[in-house]
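Chains as they are written, first to last, in our numbering: chain A, 1 to 188; chain B, 1 to 188; chain C, 1 to 188; chain D, 1 to 188; chain E, 1 to 188; chain F, 1 to 188. Remarks on the structure that follows.
6 protein chains.
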Amino acid sequence: MADSRFALTELEDLPDDLRERISVIAQKSGFVPNIFRALGHRPAELRAFLDYHDALMERADGLSKAERELVVVATSGANHCTYCVVAHGAILRIRSRDPLLADQVAVNPWRAELDERRRAIVDLALALTRQPEKFGDADIARARAAGLTDDEIWDVGAITALFAASNRLAHLAALRPNAEFYAMGRDR
Amino acid sequence: MADSRFALTELEDLPDDLRERISVIAQKSGFVPNIFRALGHRPAELRAFLDYHDALMERADGLSKAERELVVVATSGANHCTYCVVAHGAILRIRSRDPLLADQVAVNPWRAELDERRRAIVDLALALTRQPEKFGDADIARARAAGLTDDEIWDVGAITALFAASNRLAHLAALRPNAEFYAMGRDR
Amino acid sequence: MADSRFALTELEDLPDDLRERISVIAQKSGFVPNIFRALGHRPAELRAFLDYHDALMERADGLSKAERELVVVATSGANHCTYCVVAHGAILRIRSRDPLLADQVAVNPWRAELDERRRAIVDLALALTRQPEKFGDADIARARAAGLTDDEIWDVGAITALFAASNRLAHLAALRPNAEFYAMGRDR
Amino acid sequence: MADSRFALTELEDLPDDLRERISVIAQKSGFVPNIFRALGHRPAELRAFLDYHDALMERADGLSKAERELVVVATSGANHCTYCVVAHGAILRIRSRDPLLADQVAVNPWRAELDERRRAIVDLALALTRQPEKFGDADIARARAAGLTDDEIWDVGAITALFAASNRLAHLAALRPNAEFYAMGRDR
Amino acid sequence: MADSRFALTELEDLPDDLRERISVIAQKSGFVPNIFRALGHRPAELRAFLDYHDALMERADGLSKAERELVVVATSGANHCTYCVVAHGAILRIRSRDPLLADQVAVNPWRAELDERRRAIVDLALALTRQPEKFGDADIARARAAGLTDDEIWDVGAITALFAASNRLAHLAALRPNAEFYAMGRDR
Amino acid sequence: MADSRFALTELEDLPDDLRERISVIAQKSGFVPNIFRALGHRPAELRAFLDYHDALMERADGLSKAERELVVVATSGANHCTYCVVAHGAILRIRSRDPLLADQVAVNPWRAELDERRRAIVDLALALTRQPEKFGDADIARARAAGLTDDEIWDVGAITALFAASNRLAHLAALRPNAEFYAMGRDR
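Here's what the structure looks like:
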């Protein structure tokens, strides 16, 4: 089977700005993550996706980078998104320097053992993930009670929202994770 | 209660490029849709959101503009997103020139009476909306059997994905629809 | 497509008592609501339905008339019943003198912004609507804590029950709302 | 605990017409079924409920009486309604002359072993019971393919609708089945 | 239809140890419960199943025997397992000396009227039955608050686990309850 | 936090037969899997659990050993059981000689890319896992159509049943996977 249900675009066939941007990522990882090959046939969408991703995942204030990946893995686990769990699980292992956390959160985000702050972050993400119509003031209050600022709450919610989209794109395309992701960051 | 749980940004306080961009929309509608006021405190995110939105909703090929709004209303109805149903319901009434369609699709997207092409579009969107982990080859096959091209299938899936994000941002913020949206496009 | 999956009965073909009764409604609305045309082929059932409806919806004590319609719209929204949402949404707009409330409650009854009494009424209705087996003393206690009397609690529960039936009759028949309902009561 | 969360009305305190009507039932059963004691504080509602019940359950055409009770037990089992399962389970045992059928249908209506006609009746009822928004042409088509007439389909749907109401009234009141019902009709 | 979808093994065809063991049960009941005939084609599995069953259901410490059957009936009711509800419903009626309890718990385990200790036992079982991924410290804390010891909590959890298996074996085989079970223990 | 919510039993404190039996496993793995430490306080239950496990997982006929682990990982993934996914994921990687399969099946058992036989095995397991009351003849027929024998169908069903129990024991105890399991079998 193929890496996507739709046409794949290789690095060299991308518009210049995207080729350069993805090249930087590819050099760091040692390979081109399949999500970029799968979105490449729609350059304008890929560009906006990358911009949105960077605005949220590379942001200096608010959540730490490991916490941002924690949100991604929790929401992707709850959405059973293989690509996002495997790829961002690898990043979470690296950013948290914890080789076990990603699998624990991906398999059972609702009850993974986490300290209070991380638990509050994951609970907030989960409250928006599967039944967003039930999200309410009580969820916000619980997050605040655990010490999250409104800026951090927005981060959690907005990352959850972006990966609600991302998970669905991966399901749409039956996107396969690159084999390299599975074992990354597993050594202590 | 306020129009959002988070800080609102008025038109005049946005960065120049966003102010100009939203102004065009505001002039057409006669008011500033609340979504822009609610996202304005994060200009980079708002810019990426607008780019993604325009790449999908203003695209020349593939689905018609009414069909794109149909996807939005169906997925937002299934996600019980008041802002998106009310705002995009108005746009759907205008673009489809049908004052009844939006309410029918928003209240019961699964069984609204639609012609075969529209039914296939809505069914595809719904298959990705609430249980994306069950999305599979059978959903793609049904869409193709109804005559949708792969380009159109991507359109439906990608719009569904973008509004999975959008619905969750609206739930996060408890975003209120502008009162003007409710009655727009209701005359035959 | 037809207004119902089953035979429709026009006003002039109803038994005398029903014809007179429906005529009064038709004169007020300016048209014969389709529910009566759809139930007319079973006069004994229509008669009992009307009696039950009037016993609950025209009752002098307990909930106000707007509150009774609020229960109907909330439960019908949760049951995705297009006929009941559109028809009773119109009545709720008129009785509450609020052109926005019905859409807000129908799209997301769980989190629509409501004052405490209305929120308690809607929560009680929702507790019986989709998973009635979980309805329990805690639901009753919450309603009482919000100031509802036992007589009002019965009103909410019994109206929810009647529209559990009504929603299912509409789904059974694929009953179409009369076009007139959609725009009624939308002016402030 | 009491037989209902709300006031109970004894036979002698009912309006004349209701007292006579319930007396006939009580004489046949040997006791006053608790549903009548629980609804008696609202005579107009009880009267309409009885009329609706008799219009559907005593109807000469269409489904047999055992089949009507089969619909009641299936839908009440799916709704986990103790009163309706126990009381109508007894009636189904008697009317079907089968001491085992009611428990089988109540515990697992989806997969109880039934002949084709009964299976079609129960499947139709279940399609309307828990997710009525998904009820559609395919459900009607399956019922017709099993030989049900449109008149019988209406019977199944309308009985399911009435007991959607009845189940919720019983859950509202935490209505207890009379002890006599449990063992009735258990001898072959 | 047959008593199982798979081969049945009669008492005389079982290995000696199993034949003797089942004979004791058969003599007490007056018949061979169908579960043993259905599992007999896999003697090693039947032996382990019986050992596990006896270790939990015949244990001297912890829960009373009636309480153990209460767990079985509650979890089997929530899993809609006809064989387990009918067979263990009979045993619960006998062990609790209450002819009504089993039907009440089987039809609606969530809201059956129970004293505080029994309610805590059933709630704990239910928390593990349908969504075990949500089982957490709060469930344990509620059980302890109702006075259950850790030894009793393990009993409830382990019996729930064993019957999660048992219910699925019965569903796998479409196992029919012996007709004798239905009426056992119904006299006061 | 601890490896279990309940008392842990170390190897040297187990009864002789269990100590010897677990020692063999511990020598092969290089550590004592936590499940044995967590069940050790109830030797009779642990003994029966091991017997049941061995009868199903070490069986010579029917499914291959890799296929048996596939069933375990699929059902444990659907039940979000961290211990079982991590521990049996490791075994599946080893037995299937495929370092990627386990994560793919655990994250999304419903849509993991599998050949026809494996897909049929997983689909059968899933049909019994979360809504066993809907398991029926159609599931059996689909398994047969993919070439599974009745003996293999029983294997799949019985393993699914055993791990329905096992998953719930792990959730009951909040059982932590040994750290060693996470990285086992990840090299090609």
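Positions of the beta carbon are idealized from the N, C-alpha and C atoms, including for glycine.
Of the residues the options, the one placed nearest residue i, counting alpha carbons only
i         : options                                      : result
A:Ala-158 : B:Ala-60, B:His-171 and B:Ala-2              : B:His-171
A:Thr-75  : A:Arg-118, A:Val-122, A:Gly-147 and A:His-41 : A:Val-122
D:Asp-155 : D:Arg-19, D:Asp-139 and D:Ser-64             : D:Ser-64
B:His-80  : C:Ala-26, C:Val-73 and C:Val-107             : C:Val-107
D:Gly-136 : B:Val-71, B:Leu-114 and B:Ala-127            : B:Leu-114
E:Arg-111 : C:Ala-138, C:Arg-168 and C:Arg-19            : C:Ala-138
D:Arg-118 : D:Val-71, D:Ala-173 and D:His-53             : D:Val-71
F:Pro-109 : F:Leu-18, F:Arg-59 and F:Val-73              : F:Val-73
Cutoff 7 Å; reference residue i; Cβ partners in own chain excluding five residues on either side
i         : result
A:Ser-166 : Cys-84
F:Arg-130 : Ala-78
F:Ile-140 : Ile-153
A:Asp-61  : Asp-151
B:Val-32  : Leu-11, Ile-22 and Ala-26
D:His-88  : Glu-69, Val-72, Val-73 and Ser-76
Buried versus exposed, by CB contacts within 10 Å (16 or more), residue i
i         : result
D:Ile-35  : buried
D:Asp-103 : buried
D:Asp-13  : exposed
A:Glu-20  : exposed
D:Glu-69  : buried
Cα-Cα separation, residue i to residue j
i         : j         : result
E:Ser-96  : D:Ala-55  : 41 Å
E:Leu-11  : E:Ala-2   : 17 Å
D:Leu-8   : C:Ile-25  : 35 Å
C:Ala-145 : E:Gly-30  : 55 Å
B:Arg-42  : B:Asp-51  : 14 Å
A:Pro-99  : B:Leu-128 : 31 Å
D:Ala-161 : D:Glu-45  : 16 Å
D:Asn-178 : A:Ala-143 : 48 Å
E:Leu-39  : B:Leu-169 : 53 Å
C:Ala-125 : C:Leu-148 : 13 Å
B:Ala-48  : A:Glu-67  : 22 Å
C:Ser-23  : C:Pro-132 : 36 Å
B:Phe-163 : A:Lys-28  : 31 Å
C:Arg-37  : C:Asp-16  : 14 Å
E:Thr-82  : E:Val-105 : 14 Å
A:His-53  : A:Arg-59  : 10 Å
Cut-off 6 Å between Cβ atoms - residues of its own chain near residue i, not counting five sequence neighbours on either side
i         : result
B:Met-184 : Ala-90
F:Ile-94  : Gly-185
Below-8 Å beta-carbon distance, residue i vs any chain A residue
i         : result
F:Ala-223 : Missing from the structure shown is residue 223 of chain F; chain F here goes from 1 to 188 and no further.
B:Tyr-45  : Just to set this straight, residue 45 of chain B is Glu in the shown sequence, not Tyr. Interface residue, yes.
Contact test: residue i Cβ vs the ligand ATP heavy atom, cutoff 7 Å
i        : result
B:Thr-75 : This structure does not include the ligand ATP; it has no bound ligands of any sort.
8 Å Cβ cutoff, residue i in contact with chain E
i         : result
F:Arg-9   : Note that residue 9 of chain F is Thr in the sequence shown, not Arg. Not an interface residue.
D:Arg-97  : no
A:Asn-167 : no
A:Trp-110 : yes
D:Thr-82  : yes
Neighbour flag for residue i against chain F, beta carbons, 8 Å
i         : result
E:Leu-162 : yes
A:Gln-27  : no
Residue i at chain D interface by Cβ criterion, 8 Å
i         : result
F:Lys-134 : yes
C:Asp-227 : With chain C covering only 1 through 188, there is no way to say anything about residue 227 of chain C.
C:Gly-89  : no
Beta carbon proximity, residue i to chain C, threshold 8 Å
i         : result
E:Arg-142 : no
D:Gly-77  : no
E:Asn-212 : Summary: the structure shown does not reach residue 212 of chain E, with chain E confined to residues 1 through 188, and so no result is reported for it.
Residues of its chain near residue i, where Cβ-Cβ distance is below 8 Å and the 5 sequence neighbours each way are ignored
i        : result
E:Val-86 : Pro-177, Phe-181 and Tyr-182
D:Arg-5  : Leu-172, Ala-173 and Ala-174
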